[in-house]
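Undergrad: First the structure, then my questions, so here it is.
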Amino acid sequence: MATTEHPPSTGRLRAWMLEGLSDMGKGGGHTGPHAEPEPPHQGQRWWRVMCLTGVDYFSTLGYQPGIAALAAGLLSPVATLVLVVVTLAGALPVYRRVAEESPHGEGSIAMLERLLSFWQGKLFVLTLLGFAATDFLITITLSAADASTHLVENPHLTQALEGRQMLITLFLVALLGAVFLKGFLEAVGVAVALVGVYLALNVVVVITGLWHVVTAGHVVTDWSTALTAQHGNVFVMVGVALLVFPKLALGLSGFETGVAVMPHVRGERGDTEQHPAGRIRDTKKLLTTAALIMSCFLIATSFITTLLIPEREFETGGQANGRALAYLAHEYLGSAFGTVYDVSTIAILWFAGASAMAGLLNLMPRYLPRYGMAPHWARAVRPMVIVFTLIAFLVTWIFDADVDKQGGAYATGVLVLISSAAIAVTIAARKAGQRGWTVAFAVISAVFLYTTVVNVIERPDGVKIGACFIAGIMLVSLLSRLARAFELRVTSVSLDPMAERFVRDMASRKLRFIANEPDRRDKAEYRDKIEQIRTDNDMPEQDDFIFLEVTVTDPSEFEASLTARGEVLHGRYRVLTLESASIPNALAALLLHVRDLTGCTPHIYFEWTEGGPFANFLRFFLFGQGEVAPVTREVLREAEPDPARRPRVHTG
175 MATTEHPPST GRLRAWMLEG LSDMGKGGGH TGPHAEPEPP HQGQRWWRVM
225 CLTGVDYFST LGYQPGIAAL AAGLLSPVAT LVLVVVTLAG ALPVYRRVAE
275 ESPHGEGSIA MLERLLSFWQ GKLFVLTLLG FAATDFLITI TLSAADASTH
325 LVENPHLTQA LEGRQMLITL FLVALLGAVF LKGFLEAVGV AVALVGVYLA
375 LNVVVVITGL WHVVTAGHVV TDWSTALTAQ HGNVFVMVGV ALLVFPKLAL
425 GLSGFETGVA VMPHVRGERG DTEQHPAGRI RDTKKLLTTA ALIMSCFLIA
475 TSFITTLLIP EREFETGGQA NGRALAYLAH EYLGSAFGTV YDVSTIAILW
525 FAGASAMAGL LNLMPRYLPR YGMAPHWARA VRPMVIVFTL IAFLVTWIFD
575 ADVDKQGGAY ATGVLVLISS AAIAVTIAAR KAGQRGWTVA FAVISAVFLY
625 TTVVNVIERP DGVKIGACFI AGIMLVSLLS RLARAFELRV TSVSLDPMAE
675 RFVRDMASRK LRFIANEPDR RDKAEYRDKI EQIRTDNDMP EQDDFIFLEV
725 TVTDPSEFEA SLTARGEVLH GRYRVLTLES ASIPNALAAL LLHVRDLTGC
775 TPHIYFEWTE GGPFANFLRF FLFGQGEVAP VTREVLREAE PDPARRPRVH
825 TG
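Under the working numbering, think of the first position of the sequence shown as 175, with each following residue one higher.
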């Protein structure tokens, strides 16, 4: 007789998509392609890891000078100088402190998470995750858009590729997703090569540009004359530069990625996971060196592009729009060198998207599944790659693959993360009693908050798309938490010696538990409870019981371990006390553990809770209590599909 079988390809596809899922979230919750720390002394030298984060940070040279010229015009070098001061005196000290406080790559979000608890903490973290998603996703789409701009604007390819920028950008985003679906290994060596070649080519362009500025003396004279005529004196120039600074905030990107890759920095021999002093020291070197290199390039490139490129070329449709340095490379070093420069820029911009994708895959699974606010498959890399790639397609379509249009959204994400980091280190310094650092970080926080607010007011696109990401994360998180409400979410159960003695003793007769909400805990409370249970269930007096009392800790937590502690009250009543985020889940987990420990089927007795079922469900969902009896039974039903092996629930 023929039988119908499901195609084996379906099972293989599912296994491939969810590969590594069972290992995700264990041992500290490290997830994603580069979240797991390197083994001790097998990490990478700090300067090599700097190149990994540098593909994001240094690649902004591909579009930052053009954005600065559009934002500040002739004042671009002065405004860029303000950006460099804020970078070295603001962002750098903040993230050096973040590296101290969060040496395992969690970043500033984890620092703030530790300061807040309950639902307000979870909602705050979800909001920051929304802006982090904005930052990383716009990095992917903006970098791909700028890479396609360099490709389309290349003189050899302009005619063939004209009008196809959207398709090229979508192809680059899809190619990035395909790489991660195949399996992204951290190609630090590739990052080192890309960054080395790209910075070397930029050195050539900068030296050539400075040579033309020096040899053509009128260029500097014309610029300074026009600047003075336009703005009057130095004080006005500085004031205007401060006002336009928020538009240049893209030059601050890369710091959050810098601390995210900390686990790969090789420490020193005496490092431990609790106190990785060598890793912290070398990460500070990484951040400082990257900031200094980038600062030098920002000042030099903004100077030569402002002086050597006609202002009209920076506008939309101009040959320097989104590719100012590439314009100079073609103009002064010839088409061959310019093409090599374009290829290098396209490669590093595309790889910057890879760095951002890896950041997303590290960040989201670190929080959402642990909060119960994402499905189980969100811990696996490949399904999340598909989700992020589709979102990147949508963002690219919304912004029409335009670099200038995406600048506001990118800057908003960057500034919100830096502002949150500044606030986090301010609080950390205050808690540590460091008054000087507290004041300094508070001032830095004020600067970044001002910058963020101004950026949001002037370019609301960023906060709009950030709000869309936040709303999306909130909605998905709420639906996921509802869908997983009846999951058995206790990771492990343990009994102290007294509790185990109670259980083993009663297993020789019949395991009967009474769920009790602790009140006065006097003799009358336990006596009356037993009488009520016997009356409601018509039980003989010779049966004895163990009371189960659960104290709710933080109901917003989702997964946790459980410890039952036994005690004898008033010389005769045996009580097991537990602490958990949810009473039904704790009771169900304990019953299953007792069943497995003794081989006997436990019985638990409840009394009905007064109140409407919907209100009681909301109490359970938000506060871990409510109508405990039916929810405990439902958790047991989902956890144990065999009714014969399922612990018995009695309600009267």
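A virtual CB, placed ideally from N, CA and C, is assigned to each residue, including glycine.
What you are looking at is a predicted structure, and each value in this text was computed from that prediction instead of being measured.
Return the bridge partner residues of Ala689 from the DSSP annotation.
TA: Per DSSP, Leu722.
Undergrad: Within 10 Å of its beta-carbon, does Gln218 have 16 or more other beta-carbons around it, so buried, or fewer, so exposed?
TA: So Gln218 counts as buried.
Undergrad: Within the same chain, show all residues whose beta-carbon is closer than 6 Å to that of Glu442, passing over the 5 residues directly before and after it, in chain order.
TA: These residues qualify, in order along the chain: Gly452.
Undergrad: Looking at C-beta atoms only, is the number of pairs between the region 277-295 and the region 496-508 that lie closer than 8 Å three or more?
TA: Counting Cβ pairs under 8 Å, fewer than three are found: no touch.
Undergrad: I believe Val809 touches Phe660 by the beta-carbon criterion, under 8 Å. Please report the beta-carbon distance rounded to the nearest angstrom.
TA: With a Cβ gap of about 5 Å, Val809 and Phe660 count as contacting.
Undergrad: Quick one: what's got a C-beta closer than 8 Å to Val326's C-beta in the same chain, skipping five residues either side?
TA: Closer than 8 Å at the Cβ level, and outside the excluded window around Val326, lie Thr332, Leu335, Glu336, Arg338, Gln339, Ile342.
Undergrad: Does the distance from the CB of Thr457 to the CB of Met436 come in under 8 Å?
TA: Result yes, Cβ atoms of Thr457 and Met436 sit closer than 8 Å.
Undergrad: Under the three-state reduction of DSSP, which class applies to Ala263: helix, strand or coil?
TA: Looking at Ala263 - three-state DSSP - the assignment turns out to be helix.
Undergrad: Could you tell me which uninterrupted beta strand (DSSP E) segments, each at least 3 residues in length, are contained entirely in the region 533-566, listed from first to last along the chain?
TA: Counting only runs of 3 or more, we get nothing.
Undergrad: Quick one: using the 10 Å Cβ neighbour count with 16 as the cut-off for buried, is Asn407 buried or exposed?
TA: It counts as exposed.
Undergrad: Use the C-beta contact count for Leu235: other C-beta atoms within 10 angstroms, 16 or more gives buried, fewer gives exposed.
TA: Under this definition Leu235 is a buried residue.
Undergrad: Just to confirm, is the Cβ distance from Val664 to Asp309 under 8 Å?
TA: Against a cut-off of 8 Å, the Cβ pair of Asp309 and Val664 comes out as no contact.
Undergrad: Work out the CA separation of Asp770 and Arg811 for me, nearest whole Å.
TA: If I take the Cα positions, the gap works out to 16 Å.
Undergrad: Looking at the strands, I want to know which residues DSSP matches up with Tyr779.
TA: Bridge partners of Tyr779: Ile688, His824.
Undergrad: Compute the Euclidean distance between the alpha carbons of Leu384 and Ile478, then round it to the nearest angstrom.
TA: Going from the Cα of Leu384 to the Cα of Ile478 covers about 6 Å.
Undergrad: Counting only the same chain and skipping the five closest in sequence on each side, list residues whose C-beta sits under 7 Å from that of Leu257.
TA: Counting only Cβ-Cβ distances below 7 Å, and skipping sequence neighbours, we find Phe419, Leu422, Gly425, Leu472.
Undergrad: Chain D beta carbons: is any one of them nearer than 8 Å to that of Val377?
TA: In the structure shown, chain D cannot be found, because there is only a single protein chain.
Undergrad: Could you tell me the alpha carbon to alpha carbon distance between Ala554 and Glu274, rounded to whole angstroms?
TA: Between Ala554 and Glu274, the C-alpha separation is close to 29 Å.
Undergrad: For Trp220, count the other beta carbons within 10 Å of its own beta carbon; 16 or more makes it buried, fewer makes it exposed. Which is it?
TA: Per the 10 Å Cβ criterion, buried.
Undergrad: With the cut-off set at 8 Å, would you say Ser529 and Val223 are in Cβ contact?
TA: Cβ distance not < 8 Å, so Ser529 and Val223 don't count as in contact.
Undergrad: Run through the region 468-501 for me and flag every whole beta strand (DSSP E) of 3 or more residues, listed as ranges in chain order.
TA: Taking only runs of at least 3 residues, no beta strand (DSSP E) segment lies wholly in the region 468-501.
Undergrad: Please give the ranges of any alpha helix (DSSP H) in the region 313-337, keeping only runs that are unbroken, at least 4 residues long and fully inside the region.
TA: You should have 332-335.
Undergrad: What residues are listed by DSSP as bridge partners for Ser668?
TA: BP columns for Ser668 point to Thr737.
Undergrad: For Val724 versus Ile757, is the C-beta distance shorter than 8 Å?
TA: Result yes, Cβ atoms of Val724 and Ile757 sit closer than 8 Å.
Undergrad: Taking the alpha carbon of Ile483 as the reference point, which residue from Ala575, Thr431, His386 has its own alpha carbon closest?
TA: The residue with the shortest Cα to Cα distance from Ile483 is His386.
Undergrad: Work out the CA separation of Pro329 and Ala365 for me, nearest whole Å.
TA: Going by the C-alpha atoms only, they are around 27 Å apart.
Undergrad: With DSSP run on the structure shown, which of helix, strand or coil describes Leu341?
TA: Note: Leu341 maps to helix in three-state DSSP.
Undergrad: Could you give the distance in angstroms between the alpha-carbon of Arg739 and the alpha-carbon of Ile778?
TA: Looking at the two C-alpha atoms, the distance is approximately 18 Å.
Undergrad: Can you give me the start and stop residues for the alpha helix (DSSP H) that Leu289 sits inside?
TA: It spans 281-289 - the alpha helix (DSSP H) in which Leu289 sits, taken as one unbroken run.
Undergrad: Contact defined as beta carbons within less than 8 Å: I believe Leu249 pairs with His405. What is the distance between those atoms, to the nearest angstrom?
TA: With a Cβ gap of about 7 Å, Leu249 and His405 count as contacting.
Undergrad: By the three-class DSSP mapping on this structure, what secondary structure does Val435 have?
TA: It is coil, neither helix nor strand.
Undergrad: Hey, quick one: how far does the alpha helix (DSSP H) through Tyr624 stretch, first residue to last?
TA: Per DSSP, Tyr624 belongs to the alpha helix (DSSP H) from 609-632.
Undergrad: What residue range is occupied by the uninterrupted beta strand (DSSP E) comprising Glu753?
TA: From DSSP, the beta strand (DSSP E) with Glu753 extends over 747-754.
Undergrad: Could you check what DSSP says for Leu255 in three-state terms: helix, strand or coil?
TA: Here Leu255 sits in helix by DSSP.
Undergrad: Helix or strand or just coil, what does DSSP make of Val662?
TA: Rather than Val, the amino acid found at residue 662 in this sequence is Leu. Three-state DSSP puts Leu662 in coil, outside helix and strand.
Undergrad: Note down the Cα distance separating Thr825 from Lys703, rounded to an integer number of angstroms.
TA: Their Cα atoms are separated by approximately 13 Å.
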